[in-house]
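In our numbering, the protein residues as written are 711 to 977. Heads up: the structure comes next, in C-alpha cells.
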DNA sequence: ATGGTGGTCCTACCA
C-alpha cells in the first residue's frame with residue numbers, strides 16, 4: 711500500500727497535476743491539504759477517473775480544506791475542529807482493505823502562523839501554537855497508542871536541524887522557532903508517533919518538502935523546509951517499507967510550493 | 001533591509 715500526502719494549493723486548479731502525481735507515485739491513498747474548494751465544487755469526476763472511488767473531504771471558499779482520496783473503502787469519516795473554529799483542517803477515516811481495517815487515517819493542515827513568531831503580537835501564531843497543543847491532548851484522549859494509526863499532512867513545522875536549509879538563520883522564522891519545535895515534539899511524543907521519513911532518511915541528511923514560490927531559482931537555491939509529514943503509531947512501524955519526496959513535482963509547470971511525499975507499507 | 005510569488009476572487013487575505 712502506498713500513501714501520499716500533498717499540499718495541493720487548490721484542488722480545482724491542480725487536478726491535472728494530481729492525476730500525474732497519482733500515476734507517478736502509484737498511490738492507493740492520497741491526502742490533500744489546502745484544497746481551497748467548497749464541497750459543492752469538489753472535482754469528483756476528475757478524481758474518480760484517477761481511480762479514487764472513495765473520497766472524504768471538507769472544504770471552504772478560498773482557504774484551508776482537506777481531503778482523503780482512496781482506492782480502498784473509507785469508513786467512519788470524521789470532520790474535526792480545533793480551537794473552537796470551523797476551519798477545515800482535520801479529517802479522519804478508517805481505511806478498509808479486504809474487509810478489515812488497516813489503520814485509522816488522520817489528515818491535518820496545521821495553521822501556518824503568519825510572520826511574527828510572537829503569540830501576543832500575532833494572533834495567527836497563537837492559533838498555530840494552540841492548535842498543536844489541542845492535538846497533543848486530543849489524540850491520547852481519543853485514541854490508544856496501541857491502535858494502528860497514521861497522521862499525515864502539512865504540519866507547517868520543520869522540527870529538526872536538517873529539516874531546514876539553515877538551522878541558525880531559521881530559529882527566528884515561523885516554522886522552525888524553538889517554541890514551535892517544543893510543541894511539535896510534545897505532540898509527537900504524546901502518541902509515540904514514528905516519523906516515517908526519518909526512518910529512511912536519517913537525521914544527518916537534509917530533507918525538505920517545501921520551497922518558497924518567491925525564490926528566483928528554487929532548485930539552485932534549495933532553501934527548503936520539511937513542513938509535511940507522515941507519522942505512524944508503533945504497531946505500524948514494522949510495516950514501513952519506504953519513503954520518498956517527489957521533489958521533481960515542485961519543478962513541474964504551475965506547481966504547488968509543496969512536493970508530495972509517499973510512504974510505502976507492506977499492508 | 002527589503003521584497004520577492006502564487007491562489008482565490010475583485011479587494012484584500014492567506015500562504
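Every residue gets a Cβ at the ideal spot worked out from N, C-alpha and C, and that includes glycine.
Close Cβ partners of residue i (< 8 Å) along its chain, the five nearest in sequence each way excluded
i	result
residue 834	821, 822, 823, 824
residue 881	887, 888
Cβ neighbours of residue i in the same chain (closer than 7 Å, five flanking residues each side left out)
i	result
residue 913	870, 872
residue 659	What is shown of the chain runs 711 to 977, which leaves residue 659 out entirely.
residue 735	712, 714, 956, 970, 972
residue 697	Within the shown structure, residues of the chain are numbered from 711 to 977, placing residue 697 beyond reach of any answer.
residue 722	747, 751, 753
residue 813	805, 858, 859, 860, 946
Reduced DSSP category for residue i - H, G, I as helix; E, B as strand; rest coil
i	result
residue 727	helix
residue 937	coil
residue 962	coil
residue 949	coil
residue 794	coil
residue 819	strand
residue 925	coil
residue 718	coil
residue 931	helix
residue 732	helix
Cβ distance (whole Å) where residue i is taken to contact residue j below 8 Å
i	j	result
residue 840	residue 793	5 Å
residue 797	residue 817	That belief does not hold up - the Cβ atoms of residue 797 and residue 817 are roughly 14 Å apart, past 8 Å.
residue 939	residue 845	Not really, about 12 Å apart at Cβ, beyond 8 Å.
residue 966	residue 718	6 Å
Same chain only: Cβ atoms within 6 Å of residue i, ignoring 5 sequence neighbours per side
i	result
residue 767	752, 777
residue 836	829
residue 896	846
residue 861	816, 941
residue 928	921
residue 682	Coverage of the chain is limited to positions 711 through 977, which leaves residue 682 absent and any answer about it impossible.
Let me know the alpha helix (DSSP H) ranges lying completely inside the segment 831–915, each 4 residues or longer, listed in chain order. For secondary structure counted as the alpha helix (DSSP H) over 4 or more consecutive residues, the segment 831–915 holds these complete runs in sequence order: 833–852, 877–880, 888–900, 906–910.
Are the segment 902–911 and the segment 931–948 touching by the rule of at least three beta carbon pairs closer than 8 Å? Flag = yes, the segment 902–911 and the segment 931–948 touch.
Tell me whether the segment 778–786 and the segment 744–753 touch, counting them as touching only if at least three CB pairs, one residue from each stretch, are closer than 8 Å. No contact exists between the segment 778–786 and the segment 744–753.
List in chain order: all unbroken beta strand (DSSP E) runs of 3+ residues lying wholly within the segment 736–782. Counting only runs of 3 or more, we get 739–743, 764–768, 776–780.
Could you tell me whether the segment 949–966 touches the segment 722–734, using the rule of 3 or more Cβ pairs below 8 Å? Yes, since at least three Cβ pairs between the segment 949–966 and the segment 722–734 fall closer than 8 Å, the two stretches touch.
Evaluate the contact criterion for the segment 782–790 versus the segment 802–812: three or more CB pairs, one atom per stretch, below 8 Å. By the Cβ test, the segment 782–790 is in contact with the segment 802–812, since at least three Cβ pairs between them sit closer than 8 Å.
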